[in-house]
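Visitor: Note that numbering that gives the first Met the number 0 numbers the sequence shown so that position 46 is 45, with each residue one more than the last.
Backbone N, C-alpha and C fix where the C-beta goes; we use that ideal spot for every residue, glycine too.
All of these numbers come straight from a predicted model, not from anything done at the bench.
One structure is given below, represented as structure tokens, and several questions about it will come after.
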Amino acid sequence: MVVTRFNTEYAMLKLLMKLKKPLTQIIANSTLQDTLSGVEWEQLERITTVLLEPLNVATEMSSGL
0 MVVTRFNTEY AMLKLLMKLK KPLTQIIANS TLQDTLSGVE WEQLERITTV
50 LLEPLNVATE MSSGL
């Protein structure tokens, strides 16, 4: 299987979405000031599901997986 950057980005963002709740709790309980807004989380979710997921599926199909 050839892993493309699209697939890597997809896997990373999919994991980020899965860890959204604990990550936001950790950031809220820390002195960190930089965090993602609700709109930014929504944009990441849309990028992941609308753009990168279909590319991931197409890559897997063309790789015979």
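#1: In the structure shown, what three-state DSSP assignment does G47 receive?
#2: Tell me the residue span of the alpha helix (DSSP H) that contains L54.
#3: Are the CB atoms of K13 and T34 nearer to each other than 9 Å?
#4: Measure the CB-CB distance between K19 and W40 and report whether it falls below 9 Å.
#5: Could you tell me the alpha carbon to alpha carbon distance between R45 and A57, rounded to whole angstroms?
Guide: Inspection of the coordinates gives the following:
#1: Note that residue 47 corresponds to Thr in the displayed sequence, not to Gly. Helix.
#2: 52 to 61
#3: no
#4: yes
#5: 18 Å
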